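> I'd like to ask some things about the structure below.
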Amino acid sequence: MRYVHVGTQQLDFSEFYRESKDACLFAVLVSVGDRDVAQDLVDEAFARAWASWRSVSRHPAPAAWVVRAALNASISRWRKRRREVSLPEPGTIADLAAGQEIPDSPLDPQIMAALTRLPARQREVVTMRLLLDLDTSRTAEVLGISPSAVKAHLARAIATLRSGLIPERQQEKSS
Amino acid sequence: MNDDEVITAVREQRDKVHSHTPVDQIISRGRTVRARRRIPGAVTALAVVAAAGTALALGLAGVLGAAPASSTDTIRTMAFTLVKHANGTATLTINRNVLFEPGTLQSALARDGIRAMVTVGRFCSSDPAPAGWTKVMSFPGSPADPGPVRSVVISPAAMPAGTELSFGNFQRANSVAQTSVALIYTRSYTCTSTAPTAPPPNGVMIG
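Protein chains in written order, with numbering that gives the first Met the number 0: chain A, 0 to 174; chain B, 0 to 206.
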């Protein structure tokens, strides 16, 4: 019985991992601004999810759990390294990297910059609603805010993204 | 550009990012996470079993007694006596003729709010050492030249955050146990198995 249980546990986790790893990686990348760092954080967060899969699998949104675990680890690493060298806050790191084109990356630097410049709460809502495809009520549950607050943050985030993208897109068309 | 176009543009970016880490690698890393979580529990269980076994063995041999004699404020074993005072300090007296069981002393110190790492045959210290050790430990004699003492008064409230006391207990050639005590950084220290021949520069030697 034990082997059957373990086998089932691995199968469920593997499926979850296959379906959500790319979205989780992108969600974390938007916050930390560095592909290698994001990859390591997400891998570690998935490893933690596997280690606690019995409880994580019952979470209302396991992918949101992984993203949150990765970002918490990012903050912990920053706090630890801050004692050794002077480092800007994690949000600032994302901002600094945002305007820079990532070599050999298929990503649009303007959209990435617009995403990383969003205020933290708006970025969280965008992550849950647009990147992890959670519905409004599930996003509200995960973030501990009301559904109307989710809608308001999302509307503001989209407006901010649009205003950030329009001038650059128009400039591209006119040139 | 309308809302839908913005959402589509964001999702297009998401779909361009791919994680290539194989699931087997994640599971392998997960096993390490699990093992790491189990270590504190296993160590505690081993320490309890070891302490119980040692106490039983030594008790039967008439060395330690059946169990540490403990009242509300005092823990007394053959190896040491720890008295807690009303002002929050605690006096530790070590019997130099008995090599102590590290887990028992560490637990006793923890009961009195004293963060400590107790080792036998090993002494750990920080270089540079945290400041303020003279506020943490007081004893008869001069702090500049403490020499071996029999007891030390410890003030846990004076311990700076991120520090703890290191106790290194060594059996000397003449069958006398000697304990070096120093204030160290919890996350930055080195250990040696060579018995100190003099009190550490930021601590004291008991015995």
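Cβ coordinates follow ideal geometry from the N, Cα and C atoms, glycine included.
Since we're looking at a predicted model, the values are computed, not measured.
From the DSSP output, read off the bridge partner residues of Thr92/B.
On the second sequence, position 93 is the one that residue 92/B refers to. Note: Thr92/B sits in a beta bridge opposite Thr80/B and Ser150/B.
> In chain B, what lies closer than 9 Å to Gln38/A by C-beta?
Taking the first sequence and counting its residues from 1, one reaches residue 38/A at position 39. Ordered by position in chain B, the residues that pass the 9 Å Cβ test against Gln38/A are Ser18, His19 and Thr20.
> Between Ala8/B and chain A, is any beta-carbon pair separated by less than 9 Å?
The count along the second sequence starts at 1 and reaches residue 8/B at position 9. By this cut-off, Ala8/B is an interface position.
> Contact check, Val65/A vs Ala44/A under 8 Å by CB: the rounded distance?
Looking up residue 65/A in the first sequence gives position 66. Looking up residue 44/A in the first sequence gives position 45. 5 Å between Cβ atoms; contact.
> Residues of the segment 99 to 118 of chain B in Cβ contact with chain A at a cutoff of 7 Å, in chain order, please.
none
> So, for Trp132/B: in the same chain, excluding its five sequence neighbours on each side, which residues have a beta-carbon less than 8 Å away from its beta-carbon?
By one-based count along the second sequence, residue 132/B stands at place 133. So the list reads Ala181, Leu182, Asn201 and Gly202, once near-sequence residues are dropped.
> Less than 9 Å between CB atoms is the rule here; does Gly29/B satisfy it with respect to chain A?
In the second sequence, residue 29/B corresponds to position 30, counting from 1. Any Cβ of chain A closer than 9 Å to the Cβ of Gly29/B would place that residue at the interface, and such an atom is present.
> Is the Cβ of Asp11/A closer than 9 Å to any Cβ of chain B?
Here residue 11/A refers to the residue found at position 12 of the first sequence. False, the Cβ-Cβ gap to chain B never drops below 9 Å.
> Does the segment 187 to 196 of chain B come into contact with the segment 116 to 129 of chain B, if we say contact requires no fewer than three beta-carbon pairs (one atom in each stretch) closer than 8 Å?
yes
> Does the beta carbon of Val32/B come closer than 9 Å to any beta carbon on chain A?
One-based indexing of the second sequence puts residue 32/B at position 33. It does: the Cβ of Val32/B has a partner Cβ on chain A nearer than 9 Å.
> Does the CB of Asp126/B have a neighbour CB from chain A at under 9 Å?
Counting from 1 along the second sequence, the entry for residue 126/B is found at position 127. Output row for Asp126/B: interface = no.
> Anything in the segment 163 to 188 of chain B with a Cβ closer than 7 Å to a Cβ of chain A? List those residues in chain order, please.
For the segment 163 to 188 of chain B, the beta-carbon criterion of a distance under 7 Å to any beta-carbon of chain A is satisfied by none of its residues.
> Less than 9 Å between CB atoms is the rule here; does Leu142/A satisfy it with respect to chain B?
For the purposes of this step, residue 142/A is identified with residue 143 of the first sequence, where counting begins at 1. With 9 Å as the cut-off, Leu142/A does not count as an interface residue toward chain B.
> Smallest Cα separation from Ala154/A: which of Arg128/A, Asp132/A, Leu164/A and Glu140/A?
One-based indexing of the first sequence puts residue 154/A at position 155. Looking at the Cα atoms, Arg128/A is the closest of the given residues.
> How many angstroms separate the CA atom of Leu164/A from the CA atom of Thr138/A?
Within the first sequence, numbered from 1, the residue matching residue 164/A stands at position 165. Within the first sequence, numbered from 1, the residue matching residue 138/A stands at position 139. If you take the alpha carbons of Leu164/A and Thr138/A, they lie about 25 Å apart.
> Here's the rule I'm using: 16 or more other beta-carbon atoms within 10 Å means buried, otherwise exposed. How should Glu163/B be labelled?
Translated into the one-based positions of the second sequence, residue 163/B becomes position 164. Its Cβ being crowded by 16 or more others within 10 Å, Glu163/B is buried.
> Evaluate Asp72/B with the Cβ neighbour count: other Cβ atoms within 10 Å of its Cβ, from every protein chain shown; 16 or more gives buried, anything less gives exposed.
Along the second sequence, read from residue 1 onward, the residue named residue 72/B stands at position 73. When all chains shown are included, Asp72/B counts as exposed.
> For a contact meaning CB atoms closer than 8 Å, what does Pro105/A contact in chain B?
Residue numbering aside, residue 105/A sits at position 106 when the first sequence is read from its first letter. What Pro105/A touches in chain B: Lys15.
> I'd like the span of the alpha helix (DSSP H) that includes Gly102/B, first residue to last.
For the purposes of this step, residue 102/B is identified with residue 103 of the second sequence, where counting begins at 1. Taken as a continuous stretch (DSSP letters only), the alpha helix (DSSP H) holding Gly102/B covers Pro101 to Arg110.
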